[in-house]
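Protein chains in written order, with UniProt numbering: chain A, 1 to 344; chain B, 1 to 344; chain C, 1 to 344; chain D, 1 to 344.
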């Protein structure tokens with residue numbers, strides 16, 4: 001059994017790690033930390049876990065206890081992993097960070113978007129961006145993983161086949177994204193109240209959102225050159241799910257787009273290219289570690305539209321983190337991730 | 001008092017006409033027709049109207065009774081107004097059609113999208129497209145109004161200032177639209193069930209939707225040339241509301257976009273240009289005849305993003321229909337349309 | 001025009017007063033106070049009000065300015081009206097308190113439920129409980145109104161006909177109530193997040209809720225003796241609405257219950273006894289100042305079931321407050337309250 | 001591997017069987033039937049199953065193929081199992097019926113509630129009511145199981161400890177139940193539309209609902225005498241979940257109610273008695289085969305309140321059906337049912 005720790009377990013990605021790991025055959029949770037909820041049984045905060053983790057309680061972060069784990073997940077706000085990752089790595093514990101701390105390769109860019117200096121620039125070279133569909137072999141060898149953000153996962157998977165093949169104009173890519181409210185976390189904020197967010201739809205961050213540089217970095221890697229991206233996220237009245245609607249302008253005759261997408265993800269267990277003409281629904285991935293894609297070319301014109309859906313808490317966070325763990329420890333990629341989505 | 005009739009009153013735009021007209025000081029409803037619900041009191045089908053229309057019942061469509069009205073609203077599926085409008089006009093009754101029957105000037109194009117011949121091509125020349133922000137003076141003189149569709153209203157209002165001034169490339173306009181489920185009508189269809197549509201988001205009609213030619217026609221009028229539009233509608237888990245996110249590529253330095261939008265709609269009672277940096281929410285227009293707009297230029301780049309929200313049943317249908325009525329009969333434009341949106 | 005002030009206008013009952021008063025022909029808002037949002041235009045916090053109150057901003061509470069009003073609404077947490085009501089009354093301003101401060105006649109009982117001494121026991125004798133269906137004539141003469149709570153309004157209206165006529169056992173009355181989340185206010189609390197409250201149903205306060213003594217007081221007045229009430233509120237995943245399901249045990253043959261209910265509320269503009277066999281929906285009162293009732297006697301047995309629905313923010317708060325204002329100032333009872341509910 | 005068939009697999013209980021059985025280690029699905037969708041791959045109707053059942057398609061009901069199974073689930077409207085169960089049993093195939101066909105022991109009573117004669121009264125004696133918490137040993141030996149309804153499961157589990165011990169007056173029991181909309185099935189009906197059922201709460205069947213006789217039968221067995229039950233179901237705007245709020249009048253001093261509930265269900269894997277003072281949320285059982293209970297005695301009075309929550313599609317239908325299968329075939333009771341609920 002692989003011993004794992006979770007730092008910052010009270011948020012939605014933390015409880016989602018617990019939910020998924022409850023069915024993982026090779027993992028045992030050694031510690032889950034929370035300063036604010038120390039000593040509280042996890043099943044008291046999350047009653048869905050009653051009967052599954054009855055002996056597990058939140059504890060104050062204790063480096064000794066975490067260092068005794070084979071791997072530690074960080075399900076924390078940005079900045080926390082900066083302070084602890086180095087010590088853990090030095091003691092032989094692998095780190096899988098679900099926060100934004102190691103996603104950008106450029107410490108300066110990180111600092112400019114997060115308004116504080118990068119806390120561990122010396123680790124950036126080692127950090128591997130944990131998108132298995134791009135970096136599988138590097139993940140297998142990695143000690144420090146930056147799990148991609150939710151929007152970046154949905155957007156990159158939808159655009160990779162086009163940018164890698166040079167089929168669209170990289171200067172004018174549009175990602176219109178819609179997210180459920182768990183994307184905003186479990187913080188008590190007025191705009192996240194049911195009375196405020198329900199029965200409504202709105203854009204936010206239209207002039208700039210922190211996921212923008214991460215997406216640009218990944219798309220730039222795929223295109224082999226900088227990508228001009230307009231990214232507009234929207235808040236949608238649902239708990240889970242991201243729907244990315246992606247628009248690119250074809251630079252020439254693209255050939256069979258459907259075949260190209262199917263080919264690109266043929267061996268990927270967690271990307272599902274749907275049949276031509278499909279419109280994937282976010283509910284078809286609710287609770288499951290899967291990205292479903294469909295590619296359209298309206299009127300056979302020069303615009304290609306890709307529809308990409310994930311569960312922001314699973315393929316967009318905790319499920320993808322476990323996928324990384326499975327790769328790092330040579331386990332079945334599917335371990336803990338086999339359950340179908342909950343539908344209806 | 002102006003005597004009005006409503007044909008096809010059992011759907012959502014029908015009941016919305018009743019809700020709004022209940023507070024209209026100059027209108028009296030003479031007849032509301034429904035073949036399927038003839039003799040049923042309207043307040044039995046729509047208990048929110050108990051106490052407001054206690055003597056009003058649905059009746060079988062009776063041309064005599066309708067022709068005795070000053071104006072008749074059609075809140076019907078496409079094709080119905082084709083059959084009745086001519087007779088009513090001939091007898092001096094003005095027609096305000098909320099369906100798609102007279103929105104397209106080209107009968108051939110109509111036939112190709114609706115899969116049946118146009119039933120009244122001889123009326124097309126007379127029909128006025130009822131978007132007051134474009135056609136106010138023609139509406140004042142009109143006998144036959146084609147009330148714009150919900151998506152077309154939200155999209156056109158957001159793009160008019162840009163296309164009229166030639167600020168964006170007309171060949172590559174994108175309209176990513178999100179609609180509440182009343183946009184699909186009151187028909188009993190599995191995909192519209194709460195159990196199917198709730199907690200989910202999906203695109204539909206990505207390869208072609210019936211509102212596309214209507215939007216293209218209106219945008220083309222504004223641009224003075226054909227417009228290349230990619231239009232992707234999405235189903236959103238809410239009852240009412242459309243959020244249109246519109247992307248255009250600037251052809252040059254646009255000047256002060258905020259000022260331009262404010263200037264364009266300065267005298268419009270039902271278009272609200274929000275302050276720079278705003279993100280309008282659909283709930284801010286719930287139940288109200290208003291379009292709220294915000295214009296963004298992310299990173300001062302060459303892409304302009306317009307956010308446009310309406311209530312699909314009000315400014316996108318019944319409210320706009322009443323606005324047309326007010327204009328046609330020389331009433332206060334606001335009559336029946338003054339109530340603020342219901343928020344929260 | 002009657003000059004009114006609103007103390008504590010940033011919460012849901014405050015904005016609902018603004019929404020309803022925007023259409024009131026006889027009222028002008030002189031001041032709306034908020035310590036936390038002083039100087040903020042109301043339409044910035046509540047964009048649905050853009051175009052309606054463009055010159056109105058929140059202001060620090062200023063007793064001089066409030067005392068210059070004919071009436072002041074308190075839309076505040078409990079305890080605030082205690083401190084200000086006396087002074088305003090002394091200066092001739094009438095007070096309509098939407099909080100719980102003056103609902104209980106017994107200051108000791110108030111103190112025990114609210115965990116602090118009653119701050120103005122000397123005003124209790126003068127305060128009139130503002131349920132027009134019980135106290136209309138006293139309200140007309142009142143200077144200080146305690147607007148009933150939302151649950152108490154729905155429960156009392158449903159049980160009055162039974163208790164006043166002695167038809168049910170007063171020792172064993174059950175009120176199973178379901179409320180939308182605006183009942184919990186606009187405070188930023190984790191359990192009120194969409195991600196927590198949506199797609200779920202739960203009871204709360206099953207062992208005792210602050211509305212219990214208020215309901216018992218009102219039911220006791222109707223019965224002429226103390227009433228034994230079990231009251232279980234539930235949180236329901238919707239924005240607005242209360243559904244009270246009320247159970248009483250018949251003490252004998254009750255006669256025609258339907259007729260009795262219709263008779264009791266025959267002259268009430270804001271109580272709608274629905275036809276026998278009806279099941280009122282909360283959406284049929286969304287945004288409207290109306291209570292809809294239905295009475296059932298399953299299997300002609302000894303249990304009577306009353307279904308009672310209101311909009312918690314309208315008939316359960318701000319609408320009823322305006323009804324009280326109308327009565328106090330001799331206006332049409334309907335003024336500002338005529339709009340039908342928003343449905344769908 | 002146990003070979004199973006599913007008759008009527010297109011509804012919500014059918015897909016839920018597929019979702020749960022996808023993770024069952026001992027079961028293989030041999031056939032899933034649907035007249036209307038014959039030849040359609042199941043993953044086309046339910047895209048959440050893509051990657052899980054890629055070779056499985058709906059087929060016309062074929063008695064030969066079904067009789068080759070070890071067990072057949074009926075996920076059909078009432079009346080269908082009547083026609084097929086006898087033949088299957090005769091050929092050695094066990095039958096687990098999720099419909100109402102064999103729940104009532106009295107064929108006459110069945111006929112009166114369902115408006116048609118009972119189609120297989122000769123099987124009633126053999127049928128075992130599949131509530132494992134009551135009939136575990138009989139289920140182990142059974143050939144024909146009537147899986148309890150959703151409301152009956154939630155209500156019986158909450159009241160068993162009280163009625164079995166004679167603690168409450170059996171003549172006056174109240175069950176106020178709230179259900180998500182999947183309880184109404186996947187039929188295309190206007191009242192189940194998101195636009196109709198969302199943002200609203202209503203009771204239905206207040207004068208009599210088909211689950212009433214089933215609940216009365218079960219409660220009567222527990223009490224050892226007929227039970228007088230008032231049962232009012234409500235439609236709640238959520239996809240899944242039942243919340244039963246149960247009221248009984250104590251006949252004397254009941255002792256430690258919390259301990260009694262814990263004792264009654266101590267060895268039950270799928271009933272969770274929560275700590276004293278709890279208010280279980282339906283979301284805490286979303287997708288999981290568990291009933292969570294809490295018992296309250298407000299004000300230490302003579303009324304006991306039990307809160308009981310289940311997922312209507314799991315513990316209220318398909319999960320409980322699989323639990324029965326596990327018992328009938330001597331498998332681990334948990335097989336296929338171990339996953340925690342999906343929360344948030």
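Glycine included, each C-beta is placed from N, C-alpha and C at the ideal position.
Partner residues on chain D for residue i, Cβ-Cβ distance less than 8 Å
i                     : result
residue 239 (chain A) : 344
Closer than 7 Å at the beta carbon, the chain A residues around residue i
i                     : result
residue 283 (chain B) : 199, 200
Whole-angstrom C-beta distance between residue j and residue i, which should lie under 8 Å
i                     : j                     : result
residue 245 (chain A) : residue 176 (chain B) : 6 Å
residue 144 (chain A) : residue 126 (chain A) : 5 Å
residue 75 (chain D)  : residue 7 (chain D)   : 7 Å
residue 280 (chain C) : residue 293 (chain C) : 7 Å
residue 229 (chain D) : residue 249 (chain D) : About 13 Å; that fails the 8 Å criterion.
residue 247 (chain B) : residue 174 (chain B) : 4 Å
residue 346 (chain C) : residue 340 (chain B) : Chain C is shown only over 1 to 344; residue 346 (chain C) falls outside these bounds and no answer can be derived.
Within chain B, partners of residue i - CB distance below 8 Å
i                     : result
residue 315 (chain D) : Chain B residues near residue 315 (chain D): none, gap ~18 Å exceeds 8 Å.
Length of the line joining the Cα atoms of residue i and residue j
i                     : j                     : result
residue 356 (chain C) : residue 63 (chain A)  : Beyond the ends of chain C as shown, which are 1 and 344, falls residue 356 (chain C); an answer cannot be given.
residue 122 (chain B) : residue 86 (chain B)  : 9 Å
residue 150 (chain B) : residue 104 (chain C) : 50 Å
residue 198 (chain D) : residue 278 (chain D) : 27 Å
residue 13 (chain D)  : residue 320 (chain D) : 11 Å
residue 147 (chain D) : residue 100 (chain D) : 8 Å
residue 1 (chain A)   : residue 21 (chain A)  : 12 Å
residue 41 (chain C)  : residue 264 (chain B) : 24 Å
residue 59 (chain D)  : residue 95 (chain D)  : 19 Å
residue 192 (chain A) : residue 195 (chain C) : 8 Å
residue 11 (chain C)  : residue 48 (chain B)  : 26 Å
residue 66 (chain D)  : residue 113 (chain D) : 29 Å
Coil, strand or helix - residue i by DSSP
i                     : result
residue 206 (chain A) : coil
residue 81 (chain B)  : helix
residue 298 (chain C) : helix
residue 58 (chain B)  : strand
residue 166 (chain A) : coil
residue 191 (chain A) : helix
residue 230 (chain C) : strand
residue 244 (chain C) : strand
residue 284 (chain B) : helix
residue 322 (chain A) : helix
residue 28 (chain D)  : strand
Under 7 Å by beta carbon: chain C residues contacting residue i
i                     : result
residue 190 (chain A) : 186, 188
Beta-carbon neighbours of residue i, restricted to chain B and to distances below 7 Å
i                     : result
residue 182 (chain D) : 195
Chain-ordered neighbours of residue i on chain D, where CB pairs are closer than 9 Å
i                     : result
residue 248 (chain C) : In chain order: nothing, as chain D lies at least about 11 Å away.
Residue i: contacting residues in chain B (beta-carbon distance under 9 Å)
i                    : result
residue 60 (chain A) : Those within 9 Å of residue 60 (chain A) in chain B number zero; the least Cβ separation is about 36 Å.
(message) Closer than 8 Å is the cut-off here; do at least three beta carbon pairs connect the segment 294-301 of chain A with the segment 195-210 of chain B?
(response) yes
(message) Check whether the segment 222-240 of chain D and the segment 183-202 of chain D touch, using three or more Cβ-Cβ pairs below 8 Å as the test.
(response) yes
(message) With a threshold of 8 Å, are at least 3 pairs of Cβ atoms found where one atom belongs to the segment 265-279 of chain B and the other to the segment 322-337 of chain B?
(response) yes
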